[in-house]
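Worksheet: one structure, shown below.
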Amino acid sequence: MMKSDPVVTIIGAGLAGSEAAYICARAGVSVKLYEMKPVKYSPAHHSEKFAELVCSNSLRAAARENAIGLLKEELRHLGSLIMESADKSSIPAGGALAVDREEFSGYITEKIRNNPLIEVIPGEVTKIPEEGIVIVATGPLTEGELFEDILKVTGDTSGLHFFDSAAPIVTGDSIDMTKAFRASRYGKGGDDYINCPMNKEEYLAFREALVNAERAEVKNFDREIVFEGCMPIEVMAQRGVDTMRFGPLKGVGLTDPKTGREPYANLQLRQDDRAKTMYNLVGFQTRLKWPEQKRVFGMIPGLENAEYTRYGVMHRNTFLNSPLYLSSHYSLRAKPDIFFAGQITGVEGYIESTASGFLAGFYAAQRALGIDLSYEPDPCTVIGSMALYVSDPHIKKFQPMNANFGIVSPIEGRFKGKTGKKDKNNAIADRALEHLQLFEASVKRLTAG
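Per the numbering used here: the sequence shown = residues 954 to 1402.
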């Protein structure tokens, strides 16, 4: 009897699912990639393309002395499709990696659809296949029958979740540049950002209006977890008079050309597309009702007549209690043919989701081919430390986690002085890329045939 060709089934064509599909195909494994769009859309997505982003700067810091910047560099070394697309579609954003969202998703969609080993199957999946190797990469908005089946298959009775949100976007030509000015904080990146400065009186009036503004009803919001990295601006305003001034409205590192001084408070607007026609209100995730967003945000100098291409939205994100069920390969310990990838595992962020997709695809492809490259995630790398974090059975109260140096193995040595932290982080980065060579070699062996 002839042995059938190796196949991996992947549910979801977001960043994690697309990355997993691509590494499986590079290994010579056929992929059945299920994507519910355009048959059905989640509350946060609107495009038919794969790997859709909510905002242009979702890929965050670029420098490798930052953990997320180092993770990007690790993925580049490994041949990540997502990083290949991000670098090709990048747009100015100071010290961050921002992309033109349409170009970014379009490039990935074309690569996936044109790969002869990847079969794209449109439509909603309501049940994890009982046979074969499967990667579930359905994202943090997984719900309904599939979510119930995931709980059944994993045995997870907690159904953990938290609330996430997206910031509004305005048109560039509707910003009043007689009040706003172009500059990047501390001069990094030239004039990549548009700044809307506020004096003390304007700031206090804005905060008062924000705290008392009418909010959209979000089911169970007041009883749920709010992820600190995407906290609604109105929740931040409630925490204290100056809380926003130490967060998205900080004026430090900027000089208002009209006064020659640092603004008392300042909102930055970030370019959202290559043509500079749309700008994102940085840090302004919100659940205010749409008319309230226009009214309250219109109190910010420069946004009085702003036109919105997208208002801020809020939605519930779901994640597994992964340490109880997942191995460091992102597979179920009890059912190793079933893998999970993306934010549903508790990695938080687009690049983190990409990294989980790469590892899940790497190990799923090995399993499909019936080989064992004997590579285990390395705690000295960011990609490895995240896999070890989400699978650590000693974690008692699991919460989503962004990439950070706190979960990477400590490095020996003493780093002092003004450059101590930067020197330490660069040493961690050097060590990570040195350790990554073993993983690179395993990837090359997997994809050589």
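Just so you know, even glycine gets a beta-carbon here, dropped at the ideal spot from N, CA and C.
Test item: CB-CB of residue i and residue j under 8 Å
| i | j | result |
| --- | --- | --- |
| I963 | V992 | no |
| Y1328 | L1391 | yes |
| P1075 | E988 | yes |
| F1272 | P1353 | yes |
| R1227 | D1053 | yes |
| L1399 | E1026 | no |
| N1165 | Y1217 | no |
| A1049 | A1014 | yes |
| G1059 | K1002 | yes |
| M1184 | M1197 | no |
| N1379 | E1018 | yes |
| N1219 | P1093 | no |
| L1024 | A1313 | no |
| R1160 | V1194 | yes |
| D1145 | S1137 | yes |
| I976 | A1318 | yes |
| F1057 | L1006 | yes |
| I1324 | F1358 | no |
| G1097 | Y1139 | no |
| G1142 | A1016 | no |
| K1064 | P1254 | no |
Sequence-distant residues of the same chain with beta carbon closer than 8 Å to residue i, five excluded per side
| i | result |
| --- | --- |
| R1214 | T1208 |
| R1286 | Y1278, L1279, S1280 |
| D1290 | G1085, I1086, V1087, S1284, R1320 |
| A978 | V984, N1068, L1070, I1071 |
| G1373 | none |
Endpoints, beta strand (DSSP E) assigned at residue i
| i | result |
| --- | --- |
| S983 | 983-988 |
| A1218 | 1218-1224 |
| L1234 | 1231-1234 |
| T1124 | 1122-1124 |
| V1343 | That residue, V1343, is in no beta strand (DSSP E); its alpha helix (DSSP H) goes 1335-1343. |
| N1148 | 1146-1151 |
| E1072 | 1071-1075 |
| I1035 | Per DSSP, I1035 belongs to no beta strand (DSSP E); it is in the alpha helix (DSSP H), 1034-1041. |
| I963 | 960-964 |
| V1089 | 1086-1089 |
| R1138 | Element bounds for R1138: n/a, residue is neither H nor E. |
| T1262 | 1261-1263 |
Spatial distance of residue i from residue j (CA atoms)
| i | j | result |
| --- | --- | --- |
| N1148 | R1223 | 9 Å |
| K1377 | R1367 | 8 Å |
| V1266 | A1120 | 7 Å |
| N1173 | S1111 | Residue confidence is low: N1173 scores 49 on pLDDT, short of 50, so the model does not pin down where it sits. No coordinate-derived value is stated. |
| V1123 | N1258 | 10 Å |
| S1395 | L1326 | 6 Å |
| G1302 | L1012 | 8 Å |
| K1349 | I1103 | 21 Å |
| V1249 | E1187 | 11 Å |
| R1135 | V982 | 49 Å |
| K1288 | A1401 | 28 Å |
| V1106 | L1034 | 30 Å |
| A1158 | K1211 | 21 Å |
| M1231 | I1364 | 42 Å |
| A1340 | A1039 | 23 Å |
| P1332 | D1225 | 35 Å |
| T1095 | E1077 | 11 Å |
| I1061 | T1334 | 25 Å |
| Y1316 | S1362 | 23 Å |
| E1393 | L1031 | 6 Å |
| K1375 | Q1221 | 25 Å |
Segment limits, alpha helix (DSSP H) that includes residue i
| i | result |
| --- | --- |
| T1400 | 1373-1400 |
| F1250 | 1243-1250 |
| C977 | 968-979 |
| L1028 | 1020-1031 |
| R1066 | 1054-1066 |
| I1103 | 1097-1107 |
| V1188 | 1186-1191 |
Spatial neighbours of residue i in its chain, beta-carbon cut-off 7 Å, leaving aside the 5 residues before and after
| i | result |
| --- | --- |
| V1343 | S1275, P1276, L1279, T1298, G1299, V1300 |
| A1090 | I963, I964, G965, G967, A969, G970, A973, A1294, G1295, G1310 |
| G1370 | none |
Beta-carbon contacts of residue i that lie in its chain and below 6 Å, excluding the five residues immediately before and after
| i | result |
| --- | --- |
| L1322 | P959 |
| G1251 | E1257 |
| E1167 | K1242, E1245 |
| I1360 | S1338, Y1342 |
| K1080 | D1102 |
| K1247 | none |
C-beta neighbour in chain C for residue i, strict 8 Å
| i | result |
| --- | --- |
| V1078 | Annotation note: the requested chain C is absent from the structure, which comprises a single protein chain. |
**Item:** Every unbroken beta strand (DSSP E) within the region 1275-1306, with a cutoff of 3 residues, ordered by chain
**Value:** 1291-1293
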